[in-house]
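If you count the sequence shown from 1, you need to add 6 to reach UniProt numbering. Cβ coordinates follow ideal geometry from the N, Cα and C atoms, glycine included. The model shown is predicted, which means the values in this text are computed figures rather than measured ones. Worksheet: one structure, shown below.
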Amino acid sequence: GTPVNKTYRIAVIAGDGIGKEVMPEGLRVLRAAAGKFGIGLDFQHYDWACAEYYERHGAMMPEDWKAQLAGVDAIYFGAVGWPRTVPDHVSLWGSLLQFRRQFDQYINLRPVRLFEGVRCPLAGKAPGDIDFVVVRENTEGEYTNLGGRIYAGTEREIVIQESVFSRFGADRVLKFAYELSRARARKQLTVATKSNGIALSMPWWDERADEVGQSYPDIRVDKQHIDILCARFVLQPERFDVVVATNLFGDILSDLGPACTGTIGLAPSANLNPEKRFPSLFEPVHGSAPDIYGKGIANPVAMIWSGAMMLDFLGDGAGACRAAHDAIVQAIEEALRSGPLTPDLGGSATTVELGQAIAERVAAG
Ligand code: ATP
Ligand code: MG
């Protein structure tokens, strides 16, 4: 039949601090890519989920936020957090964590890559040595509010914090990780576990990995205890391709990974509802960085790369969206090789200068 030219509706939420500085660069590059590859993008800007909104309304978002966002195809998110006027737990629970839960974004995806031209904090590692993806379970597991204190305030004080895993929740993240491994060249999946110490839930998690894996005989699976896995992230990052982990372990790994690649200003992330029943959210790993806000020196690459991931997800990894994703990543590679570079990368360029350089390369491509 005739191809339908869909226009994607993107909710743009810049948030706080450097979120407001890197977002325009993300949009600049997305516009360049959309123009070049004939993709329709309709940006809808929201001025909530930020400290200024909280200061006026006493809440991070309007009550009908879910209805306002339910119809969009994706959420492009800067950063929240402005501790001078909003306690961090309020800004986080009042916005980002609501999106993750209410929109069932059960996959947190974080690519970890060492780029040429970026100084690696690990000794002796070359760009090809670090190129993997962390898949974190984003909705259940160790992060519950089940439990509490008994004999509180006495010498007999006891605290209990339950973890809750479901077969449904584990199997869907494991399946996603196997599929992702299959789509990549190395066909290799590392499963983070701790079945030697956590005697009930982790052996069960290993069993789920084995059973889901029966449908993926082409994937090599390597189960590793979280302690040695962390050590190997630092010592032998070349061992990894796709790494899947429960909520807590994934949280740790997905910060440790980017830390091994130079600057947090490069690291992108996706919070996915893979079935697209709800919008997915794309954001840099870094926060609002109040210490550098206002200077115009924040690195925009994490925001820009997150935008590329958004296009790839919207286009199901194919067609014009895939081509646009690849062009953006290539433009990032080139810019990091030859500059201009922001101060976190050892240069003296501004956020806008680096954003413009990447957008120009995408347009020229
Ligand atoms: P969170 O939002 O998770 O609470 P945080 O506020 O502790 O994070 P960030 O806001 O990510 O941390 O900042 C951590 C450090 O990294 C700060 O010194 C900040 O200036 C620096 N940083 C963060 N993002 C960038 C960026 N895009 N470019 C340059 N430096 C950055
Ligand atoms: Mg913060």
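- Ranked by how close their Cα comes to the Cα of ARG188, the residues GLU161, PRO223, TRP211 have PRO223 in first place.
- In the structure shown, ASN253 falls within a helical segment according to DSSP collapsed to helix, strand and coil.
- Not one heavy atom of the ligand ATP lies closer than 7 Å to the C-beta of SER260.
- With a minimum length of 3 residues, the unbroken runs of beta strand (DSSP E) contained wholly in the region 65–138 fall at 80–85, 113–119.
- For SER294, the CB falls within less than 7 Å of some heavy atom of the ligand ATP.
- MET66 and ASP228 have their C-alpha atoms spaced approximately 42 Å apart.
- A residue is called buried when at least 16 other Cβ atoms come within 10 angstroms of its Cβ; ILE166 does not meet this threshold and is exposed.
- For the pair GLY32 and SER286, the CB atoms are not nearer than the 8 Å cut-off.
- ASP297 has its Cβ nearer than 7 Å to a heavy atom of the ligand ATP.
- The three-state reading of DSSP puts ILE310 in helix, counting H, G and I together.
- The alpha-carbon of ALA276 is positioned some 15 Å away from that of ILE19.
- Going by beta carbons, GLY361 and VAL35 fall inside the 8 Å limit.
- At a Cβ-Cβ threshold of 8 Å, GLY84 and MET309 count as neighbours.
- Taking the Cα of PRO264 as reference, the smallest distance to any Cα among PHE43, GLN111, PRO209, PHE239 is reached at PHE239.
- Taking 7 Å as the cut-off, one finds at least one heavy atom of the ligand ATP near enough to the beta carbon of ALA304.
- As computed with DSSP, LYS26 is found in no beta bridge at all.
- Within the same chain, CYS126, PRO133, ILE136, THR267 come within 6 Å of LEU120 by CB-CB distance, once the 5 residues on both sides are set aside.
- Contact annotation: ALA314 and ALA341 have beta-carbon atoms that are not nearer than 8 Å.
- Within the chosen limit of 7 Å, the ligand ATP does not reach the beta carbon of ASP22 with any heavy atom.
- Shortest Cα-Cα distance from ARG367 to any of ILE258, ALA39, ALA158 involves ALA39.
- In the DSSP assignment, LYS229 falls within the unbroken beta strand (DSSP E) covering 226–231.
- Shortest Cα-Cα distance from ASP79 to any of GLY219, THR160, PHE319 involves PHE319.
- In terms of Cα proximity to TYR82, the closest of LYS26, ARG245, ARG173 is LYS26.
- DSSP places TYR59 in the uninterrupted alpha helix (DSSP H) bounded by 57–63.
- THR356 carries a coil assignment under DSSP once its states are collapsed to helix, strand and coil.
- In the structure shown, GLU31 falls within a helical segment according to DSSP collapsed to helix, strand and coil.
- When only Cα atoms are considered, GLY325 and GLU281 end up about 19 Å apart.
- Ranked by how close their Cα comes to the Cα of ARG214, the residues SER221, GLN230, LEU180, ALA237 have LEU180 in first place.
- Remark: the shortest separation between the CB of GLY271 and any heavy atom of the ligand ATP falls under 7 Å.
- Boundaries for GLU289: no alpha helix (DSSP H) harbours it, while the beta strand (DSSP E) harbouring it runs 286–290, taken from the DSSP string.
- Per DSSP, GLN242 has no beta bridge partner at all.
- In the pairwise beta carbon analysis, the region 243–256 is classified as not touching the region 44–56: fewer than three pairs are separated by under 8 Å.
- Between the beta-carbon of GLY271 and that of ALA304 there is about 7 Å, and that keeps the pair under the 8 Å contact cut.
- In the three-state DSSP reduction, TYR299 falls in the coil class, being neither helix nor strand.
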